[in-house]
Amino acid sequence: MNTAHPPFDPLVFGPDAQIMKGVDGLNWRLADYEARGGYRALKKIFAEKIAPDALIAEVKKSALRGRGGAGFPTGLKWSFMPRQFPGQKYVVCNSDEGEPGTFKDRDILRYNPHVVIEGMVIGAYAMGATVGYNYIHGEIWDVYERFEEALAEARAAGYLGDRILGGDFSFQLHAHHGYGAYICGEETALLESIEGKKGQPRFKPPFPASFGLYGKPTTVNNTETFAAVPWIVLNGGAAYLDLGRPNNGGTKIFSMSGDVARPGNYEVRLGTPFAALLEMAGGMRGGRRIKAVIPGGSSMPVLPGEVMMKTDMDYDSIAKAGSMLGSGAVIVMDETRCMVRCLERLSYFYFEESCGQCTPCREGTGWLYRMVHRIETGRGRTEDLDTLVSVSDNIAGRTICALGDAAAIPVKSFIQHFREEFAHHIEHKRCMVGERGAARDKAAA
Amino acid sequence: MISAQGIARIDAAIAKYPAQERQSAVMTALAVAQEEHGHLSTEVMDFVAGYLGMPPVAVYEVASFYGMYDLEKTGRYKLCVCTNLPCALSGAVEAAEHLKRTLGVEFNGTTPDGRFTLKEGECFGACGDAPVMLINNKRMASFMSPEAIDRLLAELK
Numbered sequence: 001m002n003t004a005h006p007p008f009d010p011l012v013f014g015p016d017a018q019i020m021k022g023v024d025g026l027n028w029r030l031a032d033y034e035a036r037g038g039y040r041a042l043k044k045i046f047a048e049k050i051a052p053d054a055l056i057a058e059v060k061k062s063a064l065r066g067r068g069g070a071g072f073p074t075g076l077k078w079s080f081m082p083r084q085f086p087g088q089k090y091v092v093c094n095s096d097e098g099e100p101g102t103f104k105d106r107d108i109l110r111y112n113p114h115v116v117i118e119g120m121v122i123g124a125y126a127m128g129a130t131v132g133y134n135y136i137h138g139e140i141w142d143v144y145e146r147f148e149e150a151l152a153e154a155r156a157a158g159y160l161g162d163r164i165l166g167g168d169f170s171f172q173l174h175a176h177h178g179y180g181a182y183i184c185g186e187e188t189a190l191l192e193s194i195e196g197k198k199g200q201p202r203f204k205p206p207f208p209a210s211f212g213l214y215g216k217p218t219t220v221n222n223t224e225t226f227a228a229v230p231w232i233v234l235n236g237g238a239a240y241l242d243l244g245r246p247n248n249g250g251t252k253i254f255s256m257s258g259d260v261a262r263p264g265n266y267e268v269r270l271g272t273p274f275a276a277l278l279e280m281a282g283g284m285r286g287g288r289r290i291k292a293v294i295p296g297g298s299s300m301p302v303l304p305g306e307v308m309m310k311t312d313m314d315y316d317s318i319a320k321a322g323s324m325l326g327s328g329a330v331i332v333m334d335e336t337r338c339m340v341r342c343l344e345r346l347s348y349f350y351f352e353e354s355c356g357q358c359t360p361c362r363e364g365t366g367w368l369y370r371m372v373h374r375i376e377t378g379r380g381r382t383e384d385l386d387t388l389v390s391v392s393d394n395i396a397g398r399t400i401c402a403l404g405d406a407a408a409i410p411v412k413s414f415i416q417h418f419r420e421e422f423a424h425h426i427e428h429k430r431c432m433v434g435e436r437g438a439a440r441d442k443a444a445a
Numbered sequence: 001m002i003s004a005q006g007i008a009r010i011d012a013a014i015a016k017y018p019a020q021e022r023q024s025a026v027m028t029a030l031a032v033a034q035e036e037h038g039h040l041s042t043e044v045m046d047f048v049a050g051y052l053g054m055p056p057v058a059v060y061e062v063a064s065f066y067g068m069y070d071l072e073k074t075g076r077y078k079l080c081v082c083t084n085l086p087c088a089l090s091g092a093v094e095a096a097e098h099l100k101r102t103l104g105v106e107f108n109g110t111t112p113d114g115r116f117t118l119k120e121g122e123c124f125g126a127c128g129d130a131p132v133m134l135i136n137n138k139r140m141a142s143f144m145s146p147e148a149i150d151r152l153l154a155e156l157k
């Protein structure tokens with residue numbers, strides 16, 4: 001068991017934190033959660049006999065959008081579940097967090113697991129599902145074990161299982177672990193994986209709401225999405241919306257990584273300026289200048305640092321700036337970083353993680369990686385840049401799932417914004433910037 | 001082939017899914033089998049297939065699809081270091097180089113004494129703790145500076 005969960009100041013997640021409010025690294029147990037007001041939302045629903053439709057309407061009003069990457073309106077997704085379906089329905093939590101740069105769900109699950117359980121019970125009640133699974137990334141085994149403990153606590157206290165809080169609603173929730181496949185973060189691959197198969201995405205339609213786990217109606221939401229639900233039930237959708245901006249309700253946990261002084265998770269109101277978020281993370285490491293930022297996980301377009309410094313952190317503002325909020329993983333790169341090398345590592349990742357089902361992705365991700373690798377190692381050709389863009393265009397939109405697009409987007413955006421670095425690499429066979437370029441210059445002199 | 005304790009863990013997993021969906025427990029069953037045997041031999045996978053009522057090939061498919069299963073023998077300690085971009089920006093490349101130098105092996109290599117196998121990992125979802133390492137799939141080690149790596153290696157006998 002990993003014991004590397006040191007206590008910390010509850011304000012480490014930020015003064016506006018809602019999901020992580022009062023969380024100090026040690027107080028993850030049921031009694032602690034109840035002391036913070038936990039499970040009050042669930043009690044309120046049963047005490048006031050709030051109807052499932054009213055709950056879905058409240059979530060719609062909150063403008064809560066999927067926190068896993070796509071940003072799809074949660075209330076709308078919930079409303080897709082068939083009401084009068086006679087058979088089994090499922091809710092599934094996607095905690096298969098493997099999008100490079102993203103590490104928020106791990107912190108939610110290890111420091112505040114009951115908020116996810118409460119959110120899932122409420123979601124299950126709203127959608128009429130009686131069984132659920134939380135699919136947890138295989139690499140965070142201690143978090144999976146802790147979640148199992150939290151489930152046992154919730155069952156023993158009557159918050160989970162048969163006749164919850166003595167009422168008519170029953171919901172069985174189980175933890176399921178992955179074992180090292182990025183693609184299982186895609187919701188239909190995740191369902192295949194729970195069924196005990198290779199995690200290869202399914203054709204859509206049919207969507208999971210009509211044909212999901214074991215062919216039954218299923219809704220898959222991200223960990224952070226479920227974690228936002230109890231607050232919305234307690235305080236109302238309008239109040240949640242007010243925390244953020246129109247169409248961008250609530251707070252969001254941003255995972256800050258890369259060249260910042262204090263990498264970590266920061267929960268802020270949607271619409272917070274990037275510059276303020278960067279300051280919370282201690283600013284740039286070593287006082288260096290910001291060069292580039294991937295604002296939403298490695299699959300989203302990179303943006304120049306100066307663009308980000310003028311952008312606010314919400315779905316619509318980031319889209320307007322030319323990228324996407326994605327999972328909220330903010331990867332920051334400073335002036336010493338070679339953009340070719342950064343892209344090379346990302347391209348290798350998509351090549352490695354392509355599930356192999358669709359030819360454009362299986363073959364194309366290899367082509368992309370080998371070409372970027374060739375440029376990085378000084379063997380690039382002038383025509384490579386156009387070929388990279390052309391291959392990217394021939395992958396994107398031609399695959400069953402979004403991994404193909406995710407592999408194409410970094411390539412296109414890195415070349416779009418930092419073309420001169422790639423051209424310099426091809427022409428001079430070395431980096432234009434960075435410590436390695438400077439060192440080689442010195443050696444050559 | 002699998003201890004009584006291991007079977008109990010597999011049975012607990014089976015109980016999470018509908019009665020006719022024993023296959024859903026295959027990921028746990030393979031994880032348990034790997035824990036007990038070090039890697040997944042054909043015999044072990046065939047046992048899992050029999051226990052869950054799956055065609056053996058369906059078990060092989062799962063075992064070869066998910067990166068944390070080992071079909072080949074590894075050292076006593078499998079050390080996996082994430083070198084993806086966020087980690088690389090925070091010292092993961094240096095951590096990997098230090099491991100290679102200290103152990104005298106490249107990625108996918110095993111030390112001659114059979115103690116360590118070194119692997120390159122993809123995102124563990126712990127980028128804030130970079131550099132991060134995973135030891136035998138279960139233990140995450142955070143902030144792995146060269147000094148922290150030396151301490152870890154000394155601890156793993």
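Residue numbers (this note's numbering), protein chains in the order written: chain Z, 1 to 445; chain L, 1 to 157.
We put the CB at the ideal spot given by N, CA and C, even for glycine.
Residue i, enclosing beta strand (DSSP E) - first and last residue
{"i": "residue 144 (chain L)", "result": "Premise fails: residue 144 (chain L) is in no beta strand (DSSP E) and is neither H nor E."}
{"i": "residue 77 (chain L)", "result": "77-82"}
{"i": "residue 95 (chain Z)", "result": "90-95"}
Minimum Cβ-Cβ distance from residue i to chain Z less than 8 Å
{"i": "residue 140 (chain L)", "result": "yes"}
{"i": "residue 67 (chain L)", "result": "yes"}
{"i": "residue 88 (chain L)", "result": "yes"}
{"i": "residue 23 (chain L)", "result": "yes"}
{"i": "residue 27 (chain L)", "result": "yes"}
{"i": "residue 128 (chain L)", "result": "yes"}
{"i": "residue 31 (chain L)", "result": "yes"}
{"i": "residue 134 (chain L)", "result": "yes"}
Residue-level contact to chain L via CB, residue i, 8 Å cutoff
{"i": "residue 203 (chain Z)", "result": "no"}
{"i": "residue 263 (chain Z)", "result": "yes"}
{"i": "residue 439 (chain Z)", "result": "Caution is warranted here: a pLDDT of 48 is assigned to residue 439 (chain Z), below 50, making its placement in the model unreliable, and the coordinate value is therefore given only provisionally. Chain L, which has no Cβ nearer than 8 Å to the Cβ of residue 439 (chain Z), makes this no."}
{"i": "residue 102 (chain Z)", "result": "yes"}
{"i": "residue 197 (chain Z)", "result": "yes"}
{"i": "residue 212 (chain Z)", "result": "no"}
{"i": "residue 276 (chain Z)", "result": "no"}
{"i": "residue 333 (chain Z)", "result": "yes"}
{"i": "residue 65 (chain Z)", "result": "no"}
{"i": "residue 239 (chain Z)", "result": "no"}
{"i": "residue 396 (chain Z)", "result": "no"}
{"i": "residue 255 (chain Z)", "result": "yes"}
Residues near residue i in its chain [Cβ-Cβ closer than 6 Å; skip 5 each side]
{"i": "residue 474 (chain Z)", "result": "What is shown of chain Z runs 1 to 445, which leaves residue 474 (chain Z) out entirely."}
{"i": "residue 38 (chain Z)", "result": "114"}
{"i": "residue 424 (chain Z)", "result": "432"}
{"i": "residue 176 (chain Z)", "result": "133, 135, 194"}
Strand pairing of residue i, partner residues [DSSP]
{"i": "residue 251 (chain Z)", "result": "Z:269"}
{"i": "residue 172 (chain Z)", "result": "Z:131"}
{"i": "residue 284 (chain Z)", "result": "Z:260"}
{"i": "residue 139 (chain L)", "result": "L:135"}
{"i": "residue 119 (chain L)", "result": "L:80"}
{"i": "residue 219 (chain Z)", "result": "Z:91"}
{"i": "residue 300 (chain Z)", "result": "For residue 300 (chain Z), which the question treats as bridged, DSSP gives no partner whatsoever."}
{"i": "residue 331 (chain Z)", "result": "Z:257, Z:294"}
{"i": "residue 225 (chain Z)", "result": "According to DSSP, which records beta bridges pairwise, residue 225 (chain Z) is partnered with nothing at all."}
{"i": "residue 37 (chain L)", "result": "Bridge partners of residue 37 (chain L): none, in fact."}
{"i": "residue 177 (chain Z)", "result": "Z:136"}
Residues of its chain near residue i, where Cβ-Cβ distance is below 8 Å and the 5 sequence neighbours each way are ignored
{"i": "residue 43 (chain L)", "result": "1"}
{"i": "residue 271 (chain Z)", "result": "244, 245, 248, 312, 313, 314, 317"}
{"i": "residue 160 (chain Z)", "result": "117, 121, 151, 154, 171, 172, 173"}
{"i": "residue 389 (chain Z)", "result": "411, 412, 415"}
{"i": "residue 128 (chain Z)", "result": "52, 81, 83, 85, 89"}
Same chain, Cβ closer than 7 Å to residue i, five either side skipped, listed in chain order
{"i": "residue 439 (chain Z)", "result": "Here residue 439 (chain Z) scores only 48 on pLDDT, less than 50, and its place in the model should not be relied on; the value that follows carries that caveat. Closer than 7 Å at Cβ, skipping near neighbours: no residue."}
{"i": "residue 86 (chain L)", "result": "127, 130"}
{"i": "residue 429 (chain Z)", "result": "378"}
Unbroken alpha helix (DSSP H) run spanning residue i, endpoints
{"i": "residue 97 (chain L)", "result": "92-103"}
{"i": "residue 17 (chain Z)", "result": "Counting along the chain, residue 17 (chain Z) falls outside any alpha helix (DSSP H), and DSSP gives it neither H nor E."}
{"i": "residue 23 (chain Z)", "result": "Taken as a continuous stretch (DSSP letters only), residue 23 (chain Z) belongs to no alpha helix (DSSP H), as it is neither H nor E."}
{"i": "residue 85 (chain L)", "result": "85-88"}
{"i": "residue 5 (chain L)", "result": "4-14"}
Requested in this report: Output, in sequence order along the chain, the residues in the segment 341-363 of chain Z whose CB is closer than 7 Å to any CB in chain L.
Outcome: 342, 345, 346, 349, 352, 353
**Report entry** Interface residues of the segment 278-308 of chain Z facing chain L [CB-CB below 7 Å]
**Finding:** 298
Query raised in the report: Going along the chain, which residues of the segment 105-117 of chain L sit with their C-beta nearer than 8 Å to a C-beta in chain Z?
Result: none
Query raised in the report: Can you list, in chain order, the residues of the segment 6-27 of chain Z whose Cβ is nearer than 8 Å to any Cβ on chain L?
Result: none
Query raised in the report: If you measure beta-carbon to beta-carbon, which residues of the segment 49-79 of chain L are closer than 7 Å to chain Z?
Result: 61, 62, 65, 66, 67, 68, 69
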